[in-house]
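Written out below as structure tokens is the structure these notes cover.
There are 2 protein chains.
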Amino acid sequence: MTAYKDLSREELLELKSGLEARFEEVKAKGLKLDMSRGKPSAEQLNLSMGMMDVLHSGVDLICEDGVDCRNYGGLDGIAEAKQLLADMMEVPKDNVVIFGNSSLNVMYDTVARSMTHGVLGSTPWCKLDKVKFLCPVPGYDRHFAITEHFGIEMINVPMTPTGPDMDMVEKLVSEDASVKGIWCVPKYSNPQGITYSDETVYRFANLKPAAEDFRIYWDNAYCVHHLYEDKQDYLIEILSECKKAGNPDMVYKFSSTSKISFPGSGIAALAASEANLNEIRGMMKVQTIGHDKVNQLRHVRFFKDVHGIVEHMKKHADIMRPKFEAVIDVLEKELGGLEIGSWIKPLGGYFISFDAMDGCAKAIVAKAKEAGLVMTGAGATFPYGKDPHDSNIRIAPSYPTPEELAVATDIFVLSVKLVSIDKLLGNL
Amino acid sequence: MTAYKDLSREELLELKSGLEARFEEVKAKGLKLDMSRGKPSAEQLNLSMGMMDVLHSGVDLICEDGVDCRNYGGLDGIAEAKQLLADMMEVPKDNVVIFGNSSLNVMYDTVARSMTHGVLGSTPWCKLDKVKFLCPVPGYDRHFAITEHFGIEMINVPMTPTGPDMDMVEKLVSEDASVKGIWCVPKYSNPQGITYSDETVYRFANLKPAAEDFRIYWDNAYCVHHLYEDKQDYLIEILSECKKAGNPDMVYKFSSTSKISFPGSGIAALAASEANLNEIRGMMKVQTIGHDKVNQLRHVRFFKDVHGIVEHMKKHADIMRPKFEAVIDVLEKELGGLEIGSWIKPLGGYFISFDAMDGCAKAIVAKAKEAGLVMTGAGATFPYGKDPHDSNIRIAPSYPTPEELAVATDIFVLSVKLVSIDKLLGNL
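Protein chains in written order, with the numbering used here: chain A, 739 to 1166; chain B, 739 to 1166.
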């Protein structure tokens, strides 16, 4: 393939006219396709239907230690749910608290509590003139929405193939006491599918923050979300590394079963040091009488233990893998060598990250929409929705059927080509 | 019966000696009884076990409007759950948002949001020097815990047989702009079982607050929790009254199915004006991707409609009524005419409120504990745990079995008598 930049104006115009004809054909079909959000497909949801059968009126809803899950009590989770999530999160059971159905909600509450009450005795952030969070980019829009909601200033930190630019992280964290946190998706990151290297995790654990109330928000959302059995990323466990480094309180680690069982009806967990958890329990005691223990029990009875989760995730992978490969194949076949975009082939997670030529992302997403394909809004992967290069596009291949996905990726590729030609022709 | 105050010192001493002997007998049994919290009994929980059967792998988990409850989405609740809770809360469906498993959590979040973001554009409360809440007393300790947690100053407002002292409420709300809210349990109040009169509700709806961001926190926790079919309290619906009075935004109305289905595994709801709900949805959008829709669907499939809830509550009443009557009977039989305590016989709710002679409540609760009976801590029904008269004790008859309840009430009555005698003898 010849790179588009090496084509003459005439060649580009001729190419464009052919592509436009194809685009109009697709557009005429009046399609409605969605690659915008990391939603499991119906086929994946069916994998967990057995969870609806483990609790029924013929079995008791009593925990191993005698707690009746149907009644009040059990503020921080039932023992067996703690064990299940602790094993999945690779931390001791005593370092885990079980929450409700949403780890995002736990993150929100963690920031909200810091705003009104500070962190382990520090000044409440709402009393400070300036609070900042570091945001590895591209990243997860809902993380950024939380910090923006609370008026926290967000600073972009570029992602590298081994995780965030740690030179920049170390400098900002150690020099600026108004830097109170950093958002991380350390494994199969959203959207790039990058897993932080051992060195990156060590450097995180050994940060020397200027702020005593600086915390790493370690959102391990995709900890068991591999695509392959034989090719898997491995992430060093941060909680124990922080402890070893003499920074036991520096990290909050979040996870949930949202993309394991049912999104919205799973269980969430937070792992942290005893000091952090005690503070959090203190707030929980005021906030709620306890989370949904019946649903915790339902998860434990269905998965039994972490091996059950691992086996279950293989079934998810069997559904997800062909979808990822279909998208990657089309990207490689249609865009390889054209030098109008780059992408990373991930080994897990929910997304493929695509980088268009600078200044093209918004136009590509708009073009795709013309033909009935909804993508995540361009810019969404950056704080304030502002991608300084207008380049990154998040592709979410999980929800469409394989047939829809083939058509959707075709539309995407067509849109990339057409917009890139316009860019090279100086029309953008 | 002769009132204790009319007995001579000698008579009191003789009485005391007999009672002490009986108390030692009971104490020797080494009992463990609990009348401290409003927990449903196992028998009541069994009423809802059918809820575990309505969803199974053989039925779909799809809403009437096609929403798949197993996936992300549906931020403010599924349509049929809104209808169910709206009917129960006697408000239009469009004025309801469905939350997670805990209305207390919704109240907490509502206060937390006001702290960091204000209310419909007002100054965030955390930026103000002083924020105050009115607290009808005796009241619900967990309400008071929320406002105390956020450093909000609490002002006691005495309860009357028709609700809070409205002269005091009107004066404080209209004159002091730092008064931002009032906690109300308007029906079968916690702990007195009082239902606000029509006039009280009208006066609430017609308040003229000095603060634009003043809100009534209307915790209608016991809206369908009657004890009798033929004797029921009736509460005027506040949302429509506020609307009629030109104060549509002045009230947040909370409810849940916690004491209808399973505490901790029910669904909670908030009813409010469109303006209030839009603001709340704005925060929810940042806080979560949505609450547990599968559990919402489970409730709808089990109860079907509000009539299903009403029928279900009759079964709860059949279990609760004899317990309430057993306690009331013992109180009447053992304490009637002695003038050492008073109580209200409620027609619903979860509690019986007992007022001892001034300065006796703490001692009575401590005395009962000696014999193995745990009561709600004296003072818990007041802000900061401080009952200015040290008089109020909350009795929660729901959890013990009828047999346990008979023994527990005996211990309680003995404790009241013994402490009252000590009080009259000048020993306290």
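From the three backbone atoms N, C-alpha and C, an ideal C-beta is built for every residue, glycine too. Since the structure is predicted, the reported quantities are computational estimates derived from the model, not experimental observations.
For Gln970/A, decide whether its Cβ has a neighbour in chain B, counting only Cβ atoms nearer than 8 angstroms. As a working mapping, residue 970/A is identified with position 232 in the first sequence. By this cut-off, Gln970/A is not an interface position.
Going by the beta-carbon positions, is the gap between Ile1090/B and Ile1066/B smaller than 8 angstroms? As a working note, residue 1090/B is residue 352 in the second sequence. As a working note, residue 1066/B is residue 328 in the second sequence. Cβ distance < 8 angstroms, so Ile1090/B and Ile1066/B count as in contact.
Are the C-beta of Arg775/A and some C-beta of chain B separated by less than 8 angstroms? Start at 1 with the first residue of the first sequence, and residue 775/A comes out as number 37. A Cβ of chain B is located within less than 8 angstroms of the beta carbon of Arg775/A.
How about Ser860/B and Asp951/B: are their beta carbons less than 8 angstroms apart? The residue given as residue 860/B occupies position 122 in the second sequence. The residue given as residue 951/B occupies position 213 in the second sequence. With respect to the 8 angstroms criterion, Ser860/B and Asp951/B are classified as neighbours on the basis of their beta carbons.
Please give the ranges of any beta strand (DSSP E) in the segment 1075-1105 of chain A, keeping only runs that are unbroken, at least 3 residues long and fully inside the region. Whole beta strand (DSSP E) segments, 3+ residues: 1079-1081, 1090-1094.
Taking DSSP as the reference, what is the three-state secondary structure of Gly788/B? As a first step, residue 788/B is located in the second sequence; it is residue number 50 there, counting from the start. Gly788/B falls in the helix class under three-state DSSP.
Buried versus exposed call for His1045/A [16 or more other C-beta atoms within 10 Å across all chains shown]: Working through the first sequence from its first residue, we reach residue 1045/A at position 307. Exposed: under 16 other Cβ atoms inside 10 Å.
Taking Cβ-Cβ distances below 9 angstroms as the criterion, which residues of the segment 788-818 of chain A are in contact with chain B? If you check each beta-carbon in the segment 788-818 of chain A against every beta-carbon of chain B, the ones closer than 9 angstroms belong to Gly788, Met789, Met790, Asp791, Leu793, His794, Ser795, Gly796, Val797, Leu799, Asp806, Cys807, Arg808, Asn809, Tyr810, Gly811, Gly812.
Going by beta carbon distance, what residues of the same chain come within less than 7 angstroms of Glu979/B, once the five residues before and after it are set aside? The residue labelled residue 979/B in the question sits at position 241 within the second sequence. So the qualifying residues of the chain are Val939, Tyr940, Ala943.
Run through chain B and tell me which residues come within less than 9 angstroms of Ala883/A, C-beta to C-beta. Position 145 of the first sequence, counted from the start, is the residue given in the question as residue 883/A. Think of a sphere of 9 angstroms around the beta carbon of Ala883/A: the chain B residues whose beta carbon falls inside it are Lys1023, Val1024, in chain order.
Determine the direct distance from the alpha carbon of Lys1053/A to that of Asp798/B, and round the result to whole angstroms. Counted from its first residue, the second sequence places residue 798/B at position 60. Counted from its first residue, the first sequence places residue 1053/A at position 315. So the alpha carbons of these two residues sit roughly 21 angstroms apart.
Beta-bridge pairing of Pro874/B - partner residues as DSSP gives them: Translated into the one-based positions of the second sequence, residue 874/B becomes position 136. Paired residue(s): Val895/B.
Cut-off 7 angstroms between Cβ atoms - residues of its own chain near Lys820/A, not counting five sequence neighbours on either side: Along the first sequence, one-based indexing puts residue 820/A at 82. Excluding positions up to five away in sequence, the list reads Lys831, Val834, Ile836.
Is Leu910/B near the ligand MN, judged by its Cβ being under 7 angstroms from some heavy atom? Absent from the structure shown: the ligand MN. Ligands present: none.
If the criterion is Cβ atoms closer than 8 angstroms, does the pair Ile1027/A and Tyr810/A meet it? Taking the first sequence and counting its residues from 1, the one referred to as residue 1027/A is at position 289. Taking the first sequence and counting its residues from 1, the one referred to as residue 810/A is at position 72. For Ile1027/A and Tyr810/A, yes; Cβs fall inside 8 angstroms.
Suppose the cutoff is 7 angstroms on Cβ atoms and the five residues either side in sequence are ignored; what does the same chain contact list for Gln782/B look like? Translated into the one-based positions of the second sequence, residue 782/B becomes position 44. In the same chain as Gln782/B, and ignoring 5 residues on each side of it, the C-beta atoms closer than 7 angstroms to its own belong to His1054, Ile1057, in chain order.
Within chain B, partners of Asn839/A - CB distance below 7 angstroms: Numbered from its first residue, the first sequence carries residue 839/A at position 101. Ordered by position in chain B, the residues that pass the 7 angstroms Cβ test against Asn839/A are Gly838, His1029, Asp1030.
Buried/exposed call for Met826/B, threshold 16 Cβ in 10 Å: Locating residue 826/B in the second sequence gives position 88, counting from the first residue. Per the 10 Å Cβ criterion, buried.
Nearest residue (CA-CA) to Ile974/B, options Tyr955/B, Arg808/B, Glu937/B, Arg1132/B: For this step, residue 974/B is matched to residue 236 along the second sequence. Out of Tyr955/B, Arg808/B, Glu937/B, Arg1132/B, Glu937/B has the C-alpha closest to the C-alpha of Ile974/B.
Please go through the same chain and pick out, in chain order, the residues whose beta-carbon is closer than 7 angstroms to the beta-carbon of Ile890/A, but skip the five residues on each side of it. Start at 1 with the first residue of the first sequence, and residue 890/A comes out as number 152. When the five nearest sequence neighbours on each side are left out, the beta carbons in the same chain lying within less than 7 angstroms of the beta carbon of Ile890/A are those of Val869, Lys870, Phe871, in order along the chain.
Neighbour list for Leu842/B in chain A, Cβ cutoff strictly below 8 angstroms: Position 104 of the second sequence, counted from the start, is the residue given in the question as residue 842/B. Going along chain A in sequence order, the residues near Leu842/B (Cβ under 8 angstroms) are Gln1025, Thr1026, Ile1027.
When you compare the segment 877-886 of chain B with the segment 1118-1129 of chain B, are there three or more beta-carbon pairs, one atom per stretch, that lie closer than 8 angstroms? Three or more beta-carbon pairs drawn from the segment 877-886 of chain B and the segment 1118-1129 of chain B are found closer than 8 angstroms, and the two stretches are therefore classed as touching.
If we cut at 8 angstroms on Cβ distances, does Met853/B have a partner in chain A? The count along the second sequence starts at 1 and reaches residue 853/B at position 115. Answer yes: the Cβ-Cβ gap between Met853/B and chain A drops below 8 angstroms somewhere.
Distance between beta carbons of Gly1086/B and Tyr926/B, contact taken as under 8 angstroms: Numbered from its first residue, the second sequence carries residue 926/B at position 188. Numbered from its first residue, the second sequence carries residue 1086/B at position 348. 4 angstroms between Cβ atoms; contact.
In its own chain, which residues sit with a C-beta less than 8 angstroms from the C-beta of Val917/A, not counting the 5 before and 5 after it? Here residue 917/A refers to the residue found at position 179 of the first sequence. Within the same chain, Val917/A has close Cβ partners Lys870, Phe871, Leu872, Ile893, Leu910, Val911, Pro947, Ala948, Ala949, Phe952.
Is there a C-beta anywhere in chain B that falls below 8 angstroms from the one on Ser860/A? Within the first sequence, residue 860/A is the residue found at index 122, counting from 1. No, no contact with chain B.
Quick one: Cα of Gly796/B to Cα of Gly788/A, how far? Here residue 796/B refers to the residue found at position 58 when the second sequence is read from its first residue. Here residue 788/A refers to the residue found at position 50 when the first sequence is read from its first residue. Approximately 9 angstroms, taken between the alpha carbons.
Starting from Arg1132/A, follow the beta strand (DSSP E) in both directions and report where the run begins and ends. For the purposes of this step, residue 1132/A is identified with residue 394 of the first sequence, where counting begins at 1. Note, Arg1132/A: beta strand (DSSP E), 1130-1133.
C-beta contact flag for Pro1135/A and Met773/A at 8 angstroms: For the purposes of this step, residue 1135/A is identified with residue 397 of the first sequence, where counting begins at 1. For the purposes of this step, residue 773/A is identified with residue 35 of the first sequence, where counting begins at 1. For Pro1135/A and Met773/A, yes; Cβs fall inside 8 angstroms.
Does Gly919/A come out as helix, strand or coil in the three-state DSSP assignment? Position 181 of the first sequence, counted from the start, is the residue given in the question as residue 919/A. Strand at Gly919/A.
Mark Ala1009/A as exposed unless 16 or more other C-beta atoms lie within 10 angstroms of its C-beta, in which case mark it buried. As a working note, residue 1009/A is residue 271 in the first sequence. Under this definition Ala1009/A is a buried residue.
Distance CB(Trp956/A)-CB(Val989/A) smaller than 8 angstroms: Sequence index remark: in the first sequence, residue 956/A carries index 218 (1-based). Sequence index remark: in the first sequence, residue 989/A carries index 251 (1-based). A contact, by the Cβ cut-off of 8 angstroms.
Using a Cβ-Cβ cutoff of less than 7 angstroms, which residues in the same chain neighbour Lys743/A once the five nearest sequence positions on both sides are dropped? Your numbering for residue 743/A matches position 5 in the first sequence. Closer than 7 angstroms at the Cβ level, and outside the excluded window around Lys743/A, lie Glu1077, Leu1162.
So, with DSSP's three-state summary, where would you put His714/B? It is not possible to answer for residue 714/B, since the shown part of chain B is limited to 739 through 1166.
Kindly indicate if chain A contains any beta-carbon less than 8 angstroms away from that of His1037/B. The residue given as residue 1037/B occupies position 299 in the second sequence. Taking Cβ atoms only, chain A never reaches closer than 8 angstroms to His1037/B, which makes this a no.
Cβ-based neighbour list, Met739/B, same chain, cut-off 8 angstroms, excluding 5 preceding and 5 following: As a working note, residue 739/B is residue 1 in the second sequence. Within the same chain, Met739/B has close Cβ partners Gly1074, Gly1075, Leu1076.
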